[in-house]
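Participant: My questions will all concern the structure given below.
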Amino acid sequence: MCVERAQRLVMAIMLGLIMGLAASGLIAVAFILQLIMMIMLIVWALTNFCPSIFLLKKILPPCKWD
Numbered sequence: 000m001c002v003e004r005a006q007r008l009v010m011a012i013m014l015g016l017i018m019g020l021a022a023s024g025l026i027a028v029a030f031i032l033q034l035i036m037m038i039m040l041i042v043w044a045l046t047n048f049c050p051s052i053f054l055l056k057k058i059l060p061p062c063k064w065d
């Protein structure tokens with residue numbers, strides 16, 4: 000497993016968890032987690048710095064796409 004793939008999997012799992020929380024009635028928790036994800040994606044888009052990739056690089060190797 001490499002950093003970029005792991006980050007995409009974590010993001011997909013988080014979105015699924017948020018959807019499950021919203022469906023089970025925990026709207027406030029789902030809203031807060033969704034807001035955190037949105038802020039992280041906006042920071043990533045504006046600065047090319049993703050906190051989750053920064054942390055995952057400490058434990059996983061980078062992807063080699065060739």
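Read in order, the letters of the sequence shown correspond to residues 0 to 65 in numbering that gives the first Met the number 0.
Every residue, glycine too, gets a C-beta built ideally from N, C-alpha and C.
Here the structure is a predicted model, which is why all the values come from computation and not from measurement.
Evaluate contact between the region 5–14 and the region 28–45, counting only Cβ atoms and requiring at least three cross-stretch pairs below 8 Å.
Facilitator: yes
Participant: Out of curiosity, what's the CA-to-CA distance linking Val2 and Met18?
Facilitator: Translated into the one-based positions of the sequence shown, residue 2 becomes position 3. Translated into the one-based positions of the sequence shown, residue 18 becomes position 19. Each residue's alpha carbon lies about 24 Å from the other.
Participant: If you count every other CB in all the chains shown that lies within 10 Å of the CB of Leu16, and 16 or more means buried, which is it?
Facilitator: By one-based count along the sequence shown, residue 16 stands at place 17. That one is exposed.
Participant: Any idea if Cys62 is buried or exposed, counting beta-carbon neighbours within 10 angstroms, 16 or more meaning buried?
Facilitator: Against the sequence shown, residue 62 aligns to sequence position 63. By the Cβ neighbour-count rule, Cys62 is exposed, with fewer than 16 other Cβ atoms within 10 Å of its own.
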